[in-house]
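Chains as they are written, first to last, in my numbering: chain A, 330 to 443; chain B, 9 to 118.
Glycine residues also receive a C-beta, built at the ideal position from the N, C-alpha and C atoms.
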Amino acid sequence: GAGVSQSPSNKVTEKGKDVELRCDPISGHTALYWYRQSLGQGLEFLIYFQGNSAPDKSGLPSDRFSAERTGGSVSTLTIQRTQQEDSAVYLCASSPGRENYGYTFGSGTRLTVV
Amino acid sequence: GQQLNQSPQSMFIQEGEDVSMNCTSSSIFNTWLWYKQDPGEGPVLLIALYKAGELTSNGRLTAQFGITRKDSFLNISASIPSDVGIYFCAGVQGAQKLVFGQGTRLTINP
Chain A
330 GAGVSQSPSN
340 KVTEKGKDVE
350 LRCDPISGHT
360 ALYWYRQSLG
370 QGLEFLIYFQ
380 GNSAPDKSGL
390 PSDRFSAERT
400 GGSVSTLTIQ
410 RTQQEDSAVY
420 LCASSPGREN
430 YGYTFGSGTR
440 LTVV
Chain B
9 GQQLNQSPQS
19 MFIQEGEDVS
29 MNCTSSSIFN
39 TWLWYKQDPG
49 EGPVLLIALY
59 KAGELTSNGR
69 LTAQFGITRK
79 DSFLNISASI
89 PSDVGIYFCA
99 GVQGAQKLVF
109 GQGTRLTINP
């Protein structure tokens, strides 16, 4: 697509439920990133994919968080047994994967855990 | 995780004024980036800096990569209403990971 697409744009879930957030990167971009933005805060790195592999997943806050990428394209971030502190905007970005740091971000998924 | 120290946290200015914000870090970065985020949107890249001491302009925006590689500033000249938003600095760490500052929220009074 023309830009990075994320779905859903908003998600309200009950504490303890699992959620899946989806990211469709720009076509041809080999690198994909997930970041988390809490209210009034900067962006916190979660995980980075190059193709289908994740060389850096050091930012995942706990083992309740996981992510996968298939076909070098779509990525899914899964949060199991959601907690209230998981409430945030989850942003996905992609880049060509060369030494070009012009990340293109999606509009994010606003997750609210009640 | 590590974050950059960005200041000021917020600015309230009159239309037409110049704006200056900066970022510092205890770590060296080889690339500095400046992003702008509008409400409900993801950040958009404004300027990328790749060399220590580099001064780069993009229209009314000017950014510099500090000579120590531990700081950067962003200036906006003659502000206009559409400059309102949150500005983030980011340093590139490792292969591709960005470390972000906490952001500067810019508000402009017409």
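Check, Outcome
"Within 9 Å of chain A by C-beta, residues of the stretch 32 to 64 of chain B in sequence order", "T39, L41, Y43, Q45, G48, E49, G50, P51, V52, L53, A56, Y58"
"From V442(A), F378(A), V418(A), residue whose alpha carbon lies closest to that of Q412(A)", "V442(A)"
"Residue(s) in a DSSP beta bridge with N83(B)", "S28(B), T70(B)"
"The stretch 396 to 409 of chain A contacting the stretch 344 to 354 of chain A, beta-carbon criterion three pairs below 8 Å", "yes"
"CB of T112(B) within 9 Å of CB of I88(B), strictly", "no"
"Sequence-distant residues of the same chain with beta carbon closer than 7 Å to S416(A), five excluded per side", "L440, T441, V442"
"Test item: CB-CB of L420(A) and Y377(A) under 9 Å", "no"
"Within 9 Å, strictly: CB atoms of R398(A) and Q409(A)", "no"
"Min CB distance L420(A) to chain B below 9 Å", "yes"
"Beta carbon proximity, G109(B) to chain A, threshold 9 Å", "yes"
"Per-residue burial, Q126(B) [other beta carbons within 10 Å of its own, 16 or more giving buried]", "Limits of chain B in this structure are 9 at one end and 118 at the other, which puts residue 126(B) out of reach."
"Any C-beta of chain A under 9 Å from that of K105(B)", "yes"
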